[in-house]
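Notes follow the structure.
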Amino acid sequence: MATHNLLLLPGDGIGPEIMVEVKKVISWFNAQGGDSFETDEGLVGGSAYDAHGVAISEEDMAKAMAADAVIFGAVGGPKWDSVPYDVRPEAGLLRLRKDMELFANLRPAICYPALADASSLKKDIIEGLDILILRELTGGVYFGEPKTITDLGNGQKRAIDTQVYDTYEIERIAKAAFEFARTRNGKVTSMEKRNVMKSGVLWNEVVTATHKNGYEDVKLEHMLADAGGMQLVRWPKQFDVIVCDNLFGDMLSDVAAMLTGSLGMLPSASLGAADPKTGKRKALYEPVHGSAPDIAGTGAANPIAMIASFAMALRYSFEKVAEADMLDKAIANALAKGLRTKDIASEGTKVVGTSEMGDAIIAELNALSA
Ligand code: NAD
Ligand code: IPM
Ligand code: MN
1 MATHNLLLLP GDGIGPEIMV EVKKVISWFN AQGGDSFETD EGLVGGSAYD AHGVAISEED
61 MAKAMAADAV IFGAVGGPKW DSVPYDVRPE AGLLRLRKDM ELFANLRPAI CYPALADASS
121 LKKDIIEGLD ILILRELTGG VYFGEPKTIT DLGNGQKRAI DTQVYDTYEI ERIAKAAFEF
181 ARTRNGKVTS MEKRNVMKSG VLWNEVVTAT HKNGYEDVKL EHMLADAGGM QLVRWPKQFD
241 VIVCDNLFGD MLSDVAAMLT GSLGMLPSAS LGAADPKTGK RKALYEPVHG SAPDIAGTGA
301 ANPIAMIASF AMALRYSFEK VAEADMLDKA IANALAKGLR TKDIASEGTK VVGTSEMGDA
361 IIAELNALSA
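Quick note: the sequence shown, position 8, residue 8 per the UniProt record's numbering, numbers continuous.
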């Protein structure tokens with residue numbers, strides 16, 4: 001039986017609070033026998049800055065590179081607003097993504113039946129929703145050079161961010177999109193802004209060429225990203241897989257979160273390329289939301305995005321599809337019983353805190369495995 005090594009990086013704000021809940025889930029799976037998960041823990045974000053003066057230490061970076069999967073909470077907060085740019089909490093997450101070469105970020109937005117009333121959109125618009133946003137994660141304006149602020153000496157400053165994409169970066173995320181679409185409803189919508197951005201022109205060209213090169217069984221559609229944002233709230237069920245660059249993916253996935261009821265519901269998986277010899281890939285699993293400084297320390301954080309991110313780890317890093325399905329079902333069942341953290345509460349439901357929601361999901365796992 002295999003042992004899988006997980007590096008837990010709780011981070012800041014509600015990060016450590018939701019990590020407690022995922023640890024309960026990991027212990028639950030360990031208690032079932034079979035493969036086991038060994039966990040190590042590190043610091044990232046503001047907590048790493050406070051301890052080491054950097055957003056992630058070299059030692060923790062090395063642990064992340066060696067782990068079978070990294071489970072990441074959230075980073076950032078007002079406490080670190082004025083620390084230097086290259087050591088701010090978010091830099092730790094960006095370094096992990098870049099150094100681990102996690103180019104494919106999967107952000108599934110699913111509307112659980114019990115939550116069809118929790119969205120700010122009308123029920124018929126989101127009921128049954130199941131879409132996948134595939135965000136390119138190691139390129140684009142996040143990492144392009146130059147990235148500078150220069151003093152022009154006349155009382156003005158100039159800030160420059162640079163959007164850069166090479167063919168191979170677009171091609172590999174496009175392939176991933178077509179391959180995921182084949183396991184789903186067979187449709188990919190590629191979003192860019194080719195009307196104003198050169199990178200949009202190349203994006204469109206490479207996605208189209210990749211499609212012609214062995215993926216024509218998948219339906220491909222192109223949409224300008226601004227119109228895509230509008231369509232996402234107008235009629236989101238028209239989409240299956242949405243593929244887009246790093247920045248559009250960041251924004252569109254926060255929009256998509258509200259289709260599911262709350263940012264606290266959206267999990268993600270960040271995957272690298274499969275090693276040609278072992279088939280293994282580097283991976284990091286994290287909720288889409290941030291450190292939620294406004295509710296940190298109140299016990300109100302929704303742990304579902306974090307726990308569902310662990311379900312994605314079971315699915316994509318450990319080939320434990322039945323276990324992943326079971327964990328997703330346990331989440332759905334806890335919601336079906338009317339339990340809600342504050343962010344997803346509606347009339348007639350019972351508001352519970354972070355740890356009660358975690359416990360309720362464990363109780364559902366027990367019921368499902370009985
Ligand atoms: P945020 O996602 O932290 O919070 C936005 C809103 O959603 C807040 O009202 C918050 O209370 C709510 N929310 C988020 N997660 C929730 C949960 N699990 N349960 C209940 N409510 C939840 O975004 P922000 O406030 O714009 O950013 C705060 C900090 O987090 C910033 O420093 C930002 O850079 C950082 N951030 C980090 C990550 C990450 O670590 N992956 C992602 C996004 C933002
Ligand atoms: C996300 C976050 C990050 C991003 C930040 C914290 C660097 O917003 O994961 O969505 O912009 O990618
Ligand atoms: Mn974001």
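Yeah, the Cβ is synthetic: ideal placement off N, Cα and C, and Gly gets one too.
Please find out if some non-hydrogen atom of the ligand MN comes closer than 7 Å to the beta-carbon of residue 12.
-> Checking every heavy atom of the ligand MN against the Cβ of residue 12, none is found closer than 7 Å.
Enumerate in chain order the residues of its own chain whose CB-to-CB distance from residue 162 is below 8 Å, with the five nearest sequence positions on each side excluded.
-> Cβ neighbours of residue 162 beyond the five flanking positions: 141, 144, 145, 146, 147.
DSSP-derived helix/strand/coil call for residue 101 | In this structure, residue 101 counts as coil in the three-state DSSP scheme.
In the DSSP assignment, what are the bridge partners of residue 90?
-> According to DSSP, residue 90 bridges with nothing at all.
Return the CA-CA distance between residue 263 and residue 154, expressed in angstroms with no decimal places.
-> Rounded to whole angstroms, the gap between the alpha carbons of residue 263 and residue 154 is 43 Å.
Just to confirm, does residue 250 get its C-beta within under 7 Å of one of the non-hydrogen atoms of the ligand IPM?
-> With a cut-off of 7 Å, the C-beta of residue 250 is classified as near the ligand IPM, since at least one heavy atom of the ligand falls inside that distance.
What do you reckon, are the CB atoms on residue 239 and residue 215 nearer than 8 Å?
-> Note that the C-beta distance between residue 239 and residue 215 is not below 8 Å.
Collapsed DSSP secondary structure at residue 355 in the structure displayed = In the displayed model, residue 355 falls within a helix according to three-state DSSP.
Are three or more beta carbon pairs between the region 312-329 and the region 287-300 nearer than 8 Å?
-> With the rule of 3 Cβ pairs closer than 8 Å, the region 312-329 does not count as touching the region 287-300.
Three-way DSSP call (helix, strand, coil) for residue 160 in this model | Residue 160: strand per DSSP, three-state reduction.
Are residue 104 and residue 173 touching if we call contact CB-CB under 8 Å?
-> Taking 8 Å as the cut-off, the beta carbon of residue 104 is found closer than this to the beta carbon of residue 173.
Whose C-alpha, out of 233, 175, 61, is nearest the C-alpha of residue 213?
-> Closest by alpha carbon: 175.
Cα separation between residue 235 and residue 57?
-> Going from the Cα of residue 235 to the Cα of residue 57 covers about 44 Å.
Beta strand (DSSP E) segment containing residue 267, residue limits | Boundaries of the beta strand (DSSP E) harbouring residue 267: 267-271, taken from the DSSP string.
Note the first and the last residue of the continuous beta strand (DSSP E) segment covering residue 60.
-> Where residue 60 is concerned, there is no enclosing beta strand (DSSP E), although the alpha helix (DSSP H) it sits in stretches over 58-66.
Can you tell me whether residue 65 is buried or exposed, with buried defined as 16 or more other CB within 10 angstroms of its CB?
-> With fewer than 16 Cβ atoms within 10 Å of its Cβ, residue 65 is classed as exposed.
How big is the Cα-Cα spacing for residue 366 and residue 332?
-> Distance between the alpha carbons of residue 366 and residue 332: 14 Å.
Specify the secondary structure class of residue 318 as computed by DSSP and reduced to three states.
-> DSSP places residue 318 outside both helix and strand once states are collapsed to three, so it counts as coil.
Return yes when the Cβ of residue 199 is within less than 8 Å of the Cβ of residue 168, no when it is not.
-> No, they are not a contact pair.
Cut-off 6 Å between Cβ atoms - residues of its own chain near residue 220, not counting five sequence neighbours on either side = Excluding residues within five positions, the ones whose Cβ falls inside 6 Å are 188, 211.
Own chain residues within Cβ distance below 8 Å of residue 41, not counting five before or after = In its chain, beyond the 5 residues on either side, 7, 8, 9, 10 have a beta carbon closer than 8 Å to the beta carbon of residue 41.
Is any heavy atom in the ligand NAD found nearer than 7 Å to the beta carbon of residue 322?
-> False, no ligand heavy atom lies under 7 Å from that Cβ.
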